[in-house]
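>
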Amino acid sequence: MFELRLVQGSLLKKVLESIKDLVNDANFDCSSTGFSLQAMDSSHVALVALLLRSEGFEHYRCDRNVTMGMNLANMAKMLKCAGNDDIVTIKADDGTDTVTFMFESPSQDKISDFEMKLMDIDSEHLGIPEAEYESILRMPSAEFARICKDLSSIGDTVVISVTKEGVRFSTRGDIGAANIVCRQNTTVDKPHEATIIEMQEPVTLTFALRYMNSFAKATPLSEQVTISLSSDLPVVVEYKVAEMGHIRFYLAPKIEEEEEAAEPAPVQTKSKETRSKKENKPKVETAHVEAMREEEEASKPKEEYLLLEGLKDEECKLQVKPKEERQA
Amino acid sequence: MFELRLVQGSLLKKVLESIKDLVNDANFDCSSTGFSLQAMDSSHVALVALLLRSEGFEHYRCDRNVTMGMNLANMAKMLKCAGNDDIVTIKADDGTDTVTFMFESPSQDKISDFEMKLMDIDSEHLGIPEAEYESILRMPSAEFARICKDLSSIGDTVVISVTKEGVRFSTRGDIGAANIVCRQNTTVDKPHEATIIEMQEPVTLTFALRYMNSFAKATPLSEQVTISLSSDLPVVVEYKVAEMGHIRFYLAPKIEEEEEAAEPAPVQTKSKETRSKKENKPKVETAHVEAMREEEEASKPKEEYLLLEGLKDEECKLQVKPKEERQA
Amino acid sequence: MFELRLVQGSLLKKVLESIKDLVNDANFDCSSTGFSLQAMDSSHVALVALLLRSEGFEHYRCDRNVTMGMNLANMAKMLKCAGNDDIVTIKADDGTDTVTFMFESPSQDKISDFEMKLMDIDSEHLGIPEAEYESILRMPSAEFARICKDLSSIGDTVVISVTKEGVRFSTRGDIGAANIVCRQNTTVDKPHEATIIEMQEPVTLTFALRYMNSFAKATPLSEQVTISLSSDLPVVVEYKVAEMGHIRFYLAPKIEEEEEAAEPAPVQTKSKETRSKKENKPKVETAHVEAMREEEEASKPKEEYLLLEGLKDEECKLQVKPKEERQA
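As given, the protein sequences belong to chains A, B and C, one line each in that order.
FYI, in the UniProt record's numbering the residues of the first sequence are 1 to 328.
FYI, in the UniProt record's numbering the residues of the second sequence are 1 to 328.
FYI, in the UniProt record's numbering the residues of the third sequence are 1 to 328.
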């Protein structure tokens, strides 16, 4: 049997609102340590990882590890029926193929339960190692959301350049070009208004704005966002979920060609070792194009490779655990 | 000549907003006792009855009974032009085929008059007797509206079950099932937050959610809604209009089959007397299906019969008064 | 080199929002006296004139007269990226074909610059002489916007009649007729709530509501609107832009036929002198129809003539200055 109870139920509503447009179906992994999810977006370009630690819940019981496959749009529909002050309980009995969401109003005068069928979703779990990042940027999440939205009215991609003084977000499109510079600012009255740059090395990376805008739907979860950047790694856009966990979005950079910075550039889809061998391949495919190409030939392994390309050495391997094993 | 004047003119705006999507054209009946309307929705499944008593108006003059046929969408368009604090006057001179809506701003600096052509609408007036109901439920209108909206994201029908302890609203759909239980609660600080159940007998009835959602558009009129239920009667969903009247919505229940509660069930469209005679009719038609079927063969008399089926004995007869008589 | 700096940058955002739907592309004229624009709407029926005086800016530098052709929708997109409290700078270097918009947050922590390509727009500059108007009406801009919107739900045109006591806005449509009367009111507590009529002669004129609604998009710029009316002149609908300038909309009246006031009436497209000569022309064309007719034969000179028809005597001539001359 699995059961969790969260007094601040609105957190779960916000979590679902922030990922339901990016991912259709996903497996939630329930273990003694917490309630988590890892899933790629439907075009296999971005990855979302959610973790809610067991100690963050008012009640948490997980007799054995369970994987619950859910349609996130349907789950979000049900959670939307919870009041913002409701206590939310998620329950799954052993041997059933349903999950129950229970909502209790603060006064206990209204109690709702919603039952949803679980799905059998074929997914692989990627091991994402903790990495050292060249630059880590902390800023108000609303500011980041606004910048992504504003730049989207001009172009399709954003170039993020971090230096000690600040971070520059740039784009270019048919109607013109835009640069937005945010300066480091640690002396604000309210900590959540700070912009803090921890830089080991300056870094300049290019990303698709449509994914950044999708990640920014998590803005209501947290007043600050943390963006971790390294030239060889996918960017991590992280929102804390209260004191109990986080939601992290991973996105591979587009590799910029020096002569046309700020324009959609082909992504290097091979790892360092193999890159040299295929240097004379006539046509370099871009992540962007691949994502757009209706996935007609987008075979999953290649995409996962792309996403995690650059993870260092031993850690770099795809730690794919077949579903059966994990449930054991 | 007919003239009424209402200082709280926003009430009329709200009345129109609550019925204009349910009913296209309707006759307003003006008599010395008040300003009223009775009309069936365009698919002849629901009935709305409005009463605004003459003593509720600041000024009310009705020399003789008048029936004014109006297109409610157009009437609503005109009333929308009234400010929320405006005084509204409705005027119709004898021998004209127009009605005038006059709006005065509180400061008297802005005075508007809107003139609309009256229509000749062929309608029959149903006598709706006061009945004893097995269960009467009073609850916050916003809560009821929220429940109907929430359940609509899961299913098409709602099963309402009343017991002494509370009321349960249930539905079932493709993505799962939902139950919402509201407990009796009479000890709240604010009377309009109370949930009060007057139960003679427990009752369980099924209704189409789309009509309930339509009725809930009257929510801005009143903080409480009263829902009167009996197994053999149409439900009555009533909103008070200040101290001067009410708007009541009637809807026939779908008759549930015991083995598949909470699913759309066929409605018994015959009265008790005739039911037995036709028991071997091969295909039972449902109110729901009839409503959907583009009204191609929906003959009015049958539908009215359906709606009032179950009204007791003598009272059950359709008290159709031809229009001419009423105007005499 | 041209550069202006405006601390209250939101004014520029509001200016663009108020004209971008009326005009697609337009030339901004920058001179030592100020930053101005004059353009006809795409159907050549209305004219908009913007003036922001140089002394209204915190910084204003204009080495020589410059004309900058811009796509207003794109310019509005860029200005939308400015925060409401941002300081806005507009800059154009000599010899470049771009303009730069710079936005500084009040704390100087965020600085954005947006670069847009300038366009070469073929336009003629009309000299609009100051005229004496028979009636000048000042009223709250929100009231005027509300009236235009309300009347649009009933009809297509508005008849504005000014007398000493007040102003009447009337319309008529398929569903009925409407009259809204606003009384002169100079004794309000707040000056911006006043309705003031300066009348030399009563005047009654008819206008297309869709243009009035378009002009009313400037409502956020100013709490008062000034409407100047004369029977032989285009109406002027003016909104002040802080203390630094104004935006004026000009629209030719539809000439009413006495017997059917308040109905769309043909516009007299000829000047007084030529009117008599062509009286037996079989089909009188209306400005409204012309505007609708996909501009297939709408030749500009005729339309400008229409717009300025009635300007008195010497002043009436089209003071078309070729672009090259103005830039000299």
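Every residue, glycine too, gets a C-beta built ideally from N, C-alpha and C.
Just so you know, these numbers come straight off a predicted model, no measurement behind them.
With respect to the alpha helix (DSSP H) encompassing C81/B, which residues constitute its N-terminal and C-terminal limits?
Within the second sequence, residue 81/B is the residue found at index 81, counting from 1. Careful: C81/B lies outside any alpha helix (DSSP H) and carries neither H nor E.
> When the cut-off is 9 Å and only beta carbons count, does K14/C lie next to chain A?
Counting from 1 along the third sequence, the entry for residue 14/C is found at position 14. So, not an interface residue.
> Quick check on N27/B - is its C-beta less than 9 Å from some C-beta in chain C?
Sequence index remark: in the second sequence, residue 27/B carries index 27 (1-based). With 9 Å as the cut-off, N27/B does not count as an interface residue toward chain C.
> If we count Cβ pairs, one from each stretch, closer than 8 Å, do we get three or more for the stretch 157-166 of chain B versus the stretch 238-245 of chain B?
Judged by Cβ distances under 8 Å, the stretch 157-166 of chain B makes no contact with the stretch 238-245 of chain B, as fewer than three pairs qualify.
> When the cut-off is 9 Å and only beta carbons count, does E290/B lie next to chain A?
Reading the second sequence from its first residue, position 290 is the one you call residue 290/B. For E290/B, the pLDDT reaches just 35, beneath the cut-off of 50, and the residue's location in the model is therefore unreliable, although a value from the coordinates is still provided. No, E290/B does not count as interfacial toward chain A.
> What are the boundary residues of the alpha helix (DSSP H) that V15/B is part of?
In the second sequence, residue 15/B corresponds to position 15, counting from 1. 10-19 is the extent of the alpha helix (DSSP H) around V15/B.
> Between the alpha carbons of I247/A and V203/A, how many angstroms are there, rounded?
Position 247 of the first sequence, counting from 1, holds the residue named residue 247/A. Position 203 of the first sequence, counting from 1, holds the residue named residue 203/A. Taking the straight line joining both Cα atoms gives about 23 Å.
> Express the C-alpha separation of A73/C and E295/C in angstroms, rounding to a whole number.
Within the third sequence, residue 295/C is the residue found at index 295, counting from 1. Within the third sequence, residue 73/C is the residue found at index 73, counting from 1. Any reading at E295/C needs caution, since the residue's pLDDT is 35, under 50, leaving its predicted position unreliable; the model's value is listed next. Approximately 21 Å between the Cα atoms of the pair.
> Can you pull the chain C neighbours of N213/A, defined as C-beta to C-beta under 8 Å?
Reading the first sequence from its first residue, position 213 is the one you call residue 213/A. Those within 8 Å of N213/A in chain C number zero; the least Cβ separation is about 14 Å.
> Compare the C-beta of N71/C with all C-beta atoms of chain B and state if any pair is closer than 9 Å.
Residue mapping note: residue 71/C aligns to position 71 of the third sequence, counting from 1. No - not a single Cβ of chain B is within 9 Å of the one on N71/C.
> Alpha carbon to alpha carbon, how far is S135/B from E201/B?
Within the second sequence, the letter at position 135 stands for residue 135/B. Within the second sequence, the letter at position 201 stands for residue 201/B. Whole-angstrom Cα-Cα distance: 6 Å.
> If we call anything under 9 Å between Cβ atoms a contact, is V225/A one with S105/A?
Within the first sequence, the letter at position 225 stands for residue 225/A. Within the first sequence, the letter at position 105 stands for residue 105/A. No, the Cβ-Cβ distance between V225/A and S105/A is not below 9 Å.
> Can you name the start and end residues of the alpha helix (DSSP H) that F57/A belongs to?
The residue labelled residue 57/A in the question sits at position 57 within the first sequence. Note, F57/A: premise wrong, no alpha helix (DSSP H); not H, not E.
> Given 8 Å as the limit, is there contact between the stretch 209-227 of chain A and the stretch 88-98 of chain A, that is, 3 or more CB pairs closer than that?
As far as the Cβ criterion goes, the stretch 209-227 of chain A does not touch the stretch 88-98 of chain A, which means the pair count is below three.
> Please confirm if A177/B has its CB atom under 9 Å from at least one CB of chain A.
Taking the first residue of the second sequence as position 1, residue 177/B is located at position 177. Judged by the 9 Å Cβ criterion, A177/B is in contact with chain A.
> Anything in chain C within Cβ reach of D150/A, meaning under 7 Å, just list it in chain order.
The residue labelled residue 150/A in the question sits at position 150 within the first sequence. In chain order: C81.
> Would you verify that the beta carbon of R210/C is, or is not, closer than 9 Å to some beta carbon of chain B?
To locate residue 210/C, count along the third sequence from 1; it is residue 210. Not an interface residue.
> When the distance is taken between beta carbons, is R172/C closer than 9 Å to I180/C?
Along the third sequence, one-based indexing puts residue 180/C at 180. Along the third sequence, one-based indexing puts residue 172/C at 172. Not a contact, by the Cβ cut-off of 9 Å.
> Considering V228/B, what are the terminal residues of the beta strand (DSSP E) in which it resides?
Walking along the second sequence from the start, residue 228/B turns up at place 228. Looking at the sequence shown, residue 228/B is not Val but Ser. S228/B -> beta strand (DSSP E) spans 224-229.
> Secondary structure at T33/A, three-state DSSP: helix, strand or coil?
Counting from one through the first sequence, the residue named residue 33/A turns up at place 33. T33/A: coil per DSSP, three-state reduction.
> Bridge partners of I111/A, per DSSP?
Position 111 of the first sequence, counting from 1, holds the residue named residue 111/A. Looking at the DSSP assignment, I111/A forms a beta bridge with E104/A, V181/B.
> What residues in its chain sit with their C-beta under 6 Å from that of S230/A, if we drop five residues either side in the sequence?
Taking the first residue of the first sequence as 1, we reach residue 230/A at position 230. So the qualifying residues of the chain are Y133, E134.
> Have a look at Y60/A and T195/B and give me their C-alpha separation to the nearest angstrom.
Taking the first sequence and counting its residues from 1, the one referred to as residue 60/A is at position 60. Taking the second sequence and counting its residues from 1, the one referred to as residue 195/B is at position 195. So the two alpha carbons sit approximately 33 Å from each other.
> Rounded to the nearest angstrom, what separates N27/C and K80/B at their Cα positions?
In the third sequence, residue 27/C corresponds to position 27, counting from 1. In the second sequence, residue 80/B corresponds to position 80, counting from 1. Those two C-alpha atoms are separated by around 40 Å.
> Can you find a CB in chain A that lies within less than 9 Å of the CB of M68/C?
For this step, residue 68/C is matched to residue 68 along the third sequence. Taking Cβ atoms only, chain A never reaches closer than 9 Å to M68/C, which makes this a no.
> Taking any Cβ of chain A, which residues in the stretch 164-197 of chain B have a Cβ under 7 Å from it, in chain order?
From the stretch 164-197 of chain B, only I175, G176, A177, A178, N179, I180, V181, C182, R183, N185, T195 have a Cβ closer than 7 Å to chain A.
> Take D29/B and list the residues in its own chain whose beta-carbon comes closer than 6 Å to its own, dropping the five residues that flank it on each side.
Here residue 29/B refers to the residue found at position 29 when the second sequence is read from its first residue. Cβ within range, chain order: S36, T67.
> Based on the DSSP output, what are the partners of Q38/C in its beta bridges?
Numbered from 1 along the third sequence, position 38 holds the residue referred to as residue 38/C. Paired residues: A49/C.
> Evaluate R64/A with the Cβ neighbour count: other Cβ atoms within 10 Å of its Cβ, from every protein chain shown; 16 or more gives buried, anything less gives exposed.
The sequence position of residue 64/A within the first sequence is 64, counting from 1. Under this definition R64/A is an exposed residue.
> How many angstroms separate the CA atom of E115/C from the CA atom of P191/C?
For this step, residue 115/C is matched to residue 115 along the third sequence. For this step, residue 191/C is matched to residue 191 along the third sequence. C-alpha separation (whole angstroms): 41 Å.
> Which residues in the same chain as G176/B place their Cβ atom closer than 7 Å to its Cβ, once the five residues preceding and following it in sequence are excluded?
Locating residue 176/B in the second sequence gives position 176, counting from the first residue. Hits under 7 Å: I154.
> Using Cβ-Cβ distances below 7 Å, what residues of the stretch 83-94 of chain C are close to chain A?
Residues passing the 7 Å Cβ filter: none.
> Closer than 9 Å, CB to CB, is S112/A near chain B or not?
Position 112 of the first sequence, counted from the first residue, corresponds to residue 112/A. Yes, contact with chain B.
> Going along the chain, which residues of its own chain have a beta-carbon closer than 7 Å to the beta-carbon of E223/C, five neighbours each way excluded?
Looking up residue 223/C in the third sequence gives position 223. Excluding residues within five positions, the ones whose Cβ falls inside 7 Å are P140, S141, H192.
> When you compare each of H125/C, P220/C, N71/C, C182/C to R138/C by their alpha carbons, which one comes out closest?
Position 138 of the third sequence holds residue 138/C. Ranking the options by Cα distance to R138/C, first place goes to C182/C.
> Whose C-beta lies closer than 7 Å to the C-beta of F57/A among residues of the same chain, with five residues either side of it excluded?
Residue 57/A sits at position 57 when you count from the first residue of the first sequence. Counting only Cβ-Cβ distances below 7 Å, and skipping sequence neighbours, we find L4, R5, L6.
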